[in-house]
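Student: Numbering (the UniProt record's numbering), first residue to last: 1 to 306.
I am attaching a structure below and will ask some questions about it afterwards.
What follows is the structure in structure tokens.
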């Protein structure tokens, strides 16, 4: 078999687990190319020869993985997500075992599923146009502001950087979001508006019930609070009801559809899969890309148990 490993060594804490995975993966007669991403890496260039391999392993944080999944969309090339980042939320959403040997075994077995991606586009106040894939979630408002604050400290504090960022922004700006989903318009006030391909995070906590990466839909999630502290209630209920199907999610509302248009009452930053982009915008558009990626799954994944 032939494998391509795309690895971002600057993700997370610089773990060497990807090399342990490589040792467990390779058998006699196999070929493996490991491509190390540098500071100027380009996703399209990184995967330009992906069709020559039986499987592409993408190793990095959520931002790296999101870029590479989008670059591999609609190619039909099997890909395996390897968790080398800080939070590894995309890997958590897919639901595979995280251990290198277990992931190597899943690649050898070759069981795959078709997962959706989202695509988001916006033009900044400075006139710069952006288009990016959404593997997990994109957002505007508090979440983008928290990411912007947390990113410089992730290398030292890990996931704790997100909590310290939240504590530094207890009273974020309340926005009026005008949200159009498949032609139906809703107006809501809140501190963040997210567009999600998956709403599952660490420890199987689901921000909104019933959101899947294979349902052909995007989910718009509005945090309808005025203060960061008011998010404690939905997070607390999540301790007892991780799926949200029993107790719900107080102060959180969701809409589902294939095409989304969002307008904000004032310019705010946008983040995609944990990466915050320069500049601010008053509007963005998103659409679902159904069954865009062929993804390796193991028996633990909910996407292998349909």
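Every residue gets a Cβ at the ideal spot worked out from N, C-alpha and C, and that includes glycine.
A quick note: this is a predicted structure, and the numbers were derived from the prediction, not measured.
Quick one: what's got a C-beta closer than 6 Å to residue 17's C-beta in the same chain, skipping five residues either side?
Tutor: 100
Student: Is the CB-CB distance between residue 300 and residue 96 below 8 Å?
Tutor: yes
Student: Along the beta strand (DSSP E) that carries residue 175, what are the first and last residues, could you check?
Tutor: 175-181
Student: In chain order, which alpha helix (DSSP H) runs of at least 4 residues are fully inside the UniProt domain "DAGKc" (1-124)?
Tutor: 17-25, 43-46, 62-71, 89-94 and 100-109, all fully within the UniProt domain "DAGKc" (1-124).
Student: Please report the distance separating the alpha-carbon of residue 85 from that of residue 10.
Tutor: 9 Å
Student: Suppose contacts are defined by Cβ-Cβ distances below 8 Å. Is residue 346 in contact with residue 60 by that definition?
Tutor: An answer regarding residue 346 cannot be provided, because it is not within the stretch 1 to 306 covered by the chain.
Student: Pop quiz: residue 135 and residue 273 are said to be a contact at Cβ under 8 Å. What is the actual Cβ separation, rounded to whole angstroms?
Tutor: 5 Å
Student: If we call anything under 8 Å between Cβ atoms a contact, is residue 130 one with residue 121?
Tutor: yes
Student: Residues in its own chain within less than 6 Å of residue 123 by CB, not counting five upstream and five downstream?
Tutor: 129
Student: In chain order, what residues of the same chain lie with their CB nearer than 6 Å to the CB of residue 194, ignoring the 5 residues before and after it?
Tutor: 137, 139 and 221
Student: Looking only at its chain, what residues have a beta carbon closer than 7 Å to the beta carbon of residue 39, apart from the 5 residues adjacent to it on each side?
Tutor: None.
Student: Does DSSP put residue 304 in a helix, a strand or coil?
Tutor: Reduced to three states, the DSSP call for residue 304 is helix.
Student: If we count the other Cβ atoms within 10 Å of its Cβ and call it buried at 16 or more, is residue 126 buried or exposed?
Tutor: exposed
Student: Have a look at 258, 78 and 252 and flag the residue whose alpha-carbon is nearest the alpha-carbon of residue 119.
Tutor: 258
Student: Between the C-alpha atoms of residue 56 and residue 6, what's the straight-line distance to the nearest angstrom?
Tutor: 7 Å
Student: Classify residue 297 as helix, strand or coil using the three-state DSSP reduction.
Tutor: coil
Student: What is the DSSP secondary structure of residue 128, counted as helix, strand or coil?
Tutor: coil
Student: Give the DSSP bridge partners of residue 216, in chain order.
Tutor: The partner list for residue 216 (beta bridge, DSSP) is empty, contrary to what the question assumes.
Student: How far does the beta strand (DSSP E) with residue 188 in it extend, from its first residue to its last?
Tutor: 184-190
Student: Is DSSP giving residue 211 helix, strand or coil here?
Tutor: When secondary structure is reduced to three states using DSSP, residue 211 falls in the coil class, being assigned neither helix nor strand.
Student: Identify the continuous beta strand (DSSP E) that holds residue 266 and give its terminal residues.
Tutor: 259-268
Student: Once DSSP output is grouped into helix, strand and coil, what is the label at residue 289?
Tutor: In the structure shown, residue 289 sits in a strand (DSSP, three-state: E or B).
Student: Taking the alpha-carbon of residue 279 as reference, which of 52, 269 and 288 has the nearest alpha-carbon?
Tutor: 269
Student: Per DSSP, which residues does residue 139 bridge with? Please list them.
Tutor: 194 and 271
Student: Could you give the DSSP three-state label for residue 279: helix, strand or coil?
Tutor: Correct three-state label for residue 279: coil.
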